[in-house]
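Accompanying notes for the structure given below.
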Amino acid sequence: MKNERRAERGERTEERRRFLGLLGTVGILGLLLPLRQAAQRPRELSLKEADFYRDHDLAG
Amino acid sequence: MSAVTCELCPRACVIPEGGAGDCRIRVNLGGKLRATTYGRPSAIHIDPMEKKPLYHFHPGAPVFSIATAGCNLHCLNCQNWQLSQRGGEEMEQVYRADPPDLVKAAKEEGCKALAYTYSDPIVFYEYVYDSGELAHREGMYNVFVTAGYINRKPLRRLCKVLDASNVDIKAFDDGFYRRVNGGTLQPVLDGLVTMREEGVWIEVTNLLIPTLNDDLAMIRKMARWVRDELGEGTPMHFSRFHPEYRMRNLPPTPGRTLDRARKEAMDAGLQFVYVGNVMGHEGGSTYCPRDGTLLIGRAGFWITENNLTADGRCPTCNEKIPGVWT
Chain S
12 MKNERRAERG ERTEERRRFL GLLGTVGILG LLLPLRQAAQ RPRELSLKEA DFYRDHDLAG
Chain X
3 MSAVTCELCP RACVIPEGGA GDCRIRVNLG GKLRATTYGR PSAIHIDPME KKPLYHFHPG
63 APVFSIATAG CNLHCLNCQN WQLSQRGGEE MEQVYRADPP DLVKAAKEEG CKALAYTYSD
123 PIVFYEYVYD SGELAHREGM YNVFVTAGYI NRKPLRRLCK VLDASNVDIK AFDDGFYRRV
183 NGGTLQPVLD GLVTMREEGV WIEVTNLLIP TLNDDLAMIR KMARWVRDEL GEGTPMHFSR
243 FHPEYRMRNL PPTPGRTLDR ARKEAMDAGL QFVYVGNVMG HEGGSTYCPR DGTLLIGRAG
303 FWITENNLTA DGRCPTCNEK IPGVWT
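The listed protein sequences derive, respectively, from chains S and X.
Residue numbering for the first sequence follows my numbering, starting at 12 and increasing by one per position.
Residue numbering for the second sequence follows my numbering, starting at 3 and increasing by one per position.
Following this line, the structure appears as structure tokens:
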């Protein structure tokens, strides 16, 4: 009896651990994805920051 | 959810809600067509007019030149692919510049012209139109550097704000357009005729790619079309190809190919045929078609001498030279 109860408790602990692990992963991804998107967004500059006379190799 | 059809260019993209057209920047937002790069250029430079290239339109004038990301063609040899083959959100940086900001900045820098260039400005049509209208109100000119792959109706409307355009004819061959550019030839020719009808000053560029579009018979056909449909005084630029983007397997255009193309076009009756992307070539200068007098000498994009009279005539024989000179 004692051993069965211990085994049940162990299973529950394992399930809880898995659930918390999954929750943690989702949480981290939820935080990282918007950060990644923000990093991918182009940097917005004002015209005052532009160097219109910079050498460039664009055609046209 | 409603899809929208973009009627700007011959692709006629049917764009689902939240999606983008082939050009990457024209999107369907809540059932309305929007250009994501409106007021968000990624390239702004001040170039000489000759760089567009426009050789018969305000020679030597500095031009406030802008481009946003995106293009409705996908040329395998694109020289500006980092700009043209990306969507606005893929660029590293963009400028916040609504039309009044552009016009103000151009004026402050002493530019009398705005150029919409580098990528194909067709895709940021609304931005060009609004900026162009404002520039006109301020007494400035608008220059449109394009491959001309646009429908006639929107082009005709846009012409109201355009003063000059350099239009690329990629090749006088529909198969080439389909294979190399992902487009078709006829809309480009229709667009050129529309521009002529609307009184826009036109110059034509043809980039010669070894073995792909340098056939002299095709060049002759193209030159004759330009002569008959646009006029013998229409400047034609043959540009040297450099290996770029997805076409790095071919060498730069040999000088003799450019010389032969120039001769062929002149023999076909075009009066002003230029060679581009070659420093110090005699075909970079303007000569009087009647007596051969050197009218405008150029070294690359820079003018070395300008002998035209104030009203755009040959100083020797008084021949009127087609163009917009003052």
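Glycine included, C-beta positions come from ideal geometry on N, C-alpha and C.
- Contact annotation: in the segment 133 to 151 of chain X, residues whose CB is within less than 8 Å of a CB in chain S are V147.
- DSSP places X/I48 inside the beta strand (DSSP E), whose first and last residues are A45 to P50.
- Going by C-alpha positions, X/T38 is about 15 Å away from X/P18.
- Between the alpha carbons of X/I48 and X/V65 lies a distance of about 5 Å.
- A residue is called buried once 16 or more other Cβ atoms fall within 10 Å of its Cβ, and X/I204 is buried on that count.
- The C-alpha of X/G235 lies about 11 Å from the C-alpha of X/A225.
- DSSP places S/L69 in no beta strand (DSSP E); its state is neither H nor E.
- Judged by DSSP in its simplified three-state form, X/W327 adopts coil rather than helix or strand.
- Put simply, the CB of X/N82 is near chain S, with a gap under 8 Å to one of its CB atoms.
- Under the DSSP definition of a beta bridge, X/M197 lacks any partner.
- Residue contact with chain X for S/R47: absent (no Cβ-Cβ distance below 8 Å to any residue of chain X).
- Contact annotation for S/L44 against chain X: no contact, minimum CB-CB distance about 15 Å [criterion: below 9 Å].
- Of all residues in the segment 39 to 59 of chain X, only R42, S44, A45, I46, H47, I48, D49, K53, K54 and P55 place a beta-carbon less than 9 Å from a beta-carbon of chain S.
- DSSP, reduced to helix, strand and coil, places X/H239 within a strand of the structure shown.
- Shown here is that no member of the segment 170 to 191 of chain X has a Cβ falling below 8 Å from a Cβ of chain S.
- X/Y151 sits in coil when the DSSP states are folded into three classes, being neither helix nor strand.
- The Cβ atoms of S/F63 and X/E246 do not sit closer than 8 Å to each other.
- Leaving aside the five residues that flank X/A270 on each side, the residues in its chain whose CB is nearer than 8 Å to its CB run, in chain order, R222, A225, R226 and R229.
- Counting along the chain, X/V228 sits inside no beta strand (DSSP E); it lies in the alpha helix (DSSP H) bounded by residues L218 to E231.
- With distances taken between CA atoms, X/L85 lies nearest to X/D122 out of X/K54, X/D122, X/K106 and X/C113.
- In the structure shown, X/V163 adopts helical secondary structure according to DSSP, grouped into three states.
- The beta-carbon separation of X/S241 and X/L214, rounded to 14 Å, does not stay under the 8 Å limit for a contact.
- Only exposed fits S/R52, as fewer than 16 other CB atoms lie within 10 angstroms of its CB.
- Secondary structure of X/M268 (DSSP, three-state): helix.
- Distances from the CA of X/N82 to each of X/H244, X/F174 and X/T328 were compared; the closest alpha carbon is that of X/H244.
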